[in-house]
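Everything below concerns the one structure shown next.
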């Protein structure tokens, strides 16, 4: 998003090992996802989050707010972690990054399988083509 951390919180985030990344060019984004220890999505509302899908496809563990769009993509503790409050977010991030080394591997393995099965480029292309054909009366 365009927000960023609240004013005055950058130093505290840095002490906690958290780095806010503003928008980056697409050619660098996927590399950052591949290196990330976690990707956080704190949006209050989401449709189908391409950011989460891309992070999951790149092997980054995801932590996301439990809002309708994110609930469609993430199964809590299977393909990612879902939170409902700031305190829960902090707790889950700490668990993922500091306390349970196996959790990230389990989440990213299951998330990669999920994305491959349900959101592959070929599958998305087929769905879009079918929808367009129906709209245009060709299907």
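Numbering (UniProt numbering), first residue to last: 1 to 139. C-beta atoms are modelled at their ideal positions from N, C-alpha and C, and glycine is treated no differently.
Under DSSP, the beta-bridge partners assigned to residue 76 are 80. A residue is called buried when at least 16 other Cβ atoms come within 10 angstroms of its Cβ; residue 74 meets this threshold and is buried. Beta-bridge pairing by DSSP links residue 90 to no other residue. For residue 110, there is no enclosing beta strand (DSSP E); the enclosing alpha helix (DSSP H) has its first and last residue at 101 to 118.
Between the alpha carbons of residue 99 and residue 21 lies a gap of roughly 23 Å. One thing to note: residue 24 has its Cβ no nearer than 8 Å to the Cβ of residue 41.
Excluding five sequence positions before and after residue 78, the CB atoms of its chain that fall closer than 7 Å to its own CB belong to 110, given in chain order.
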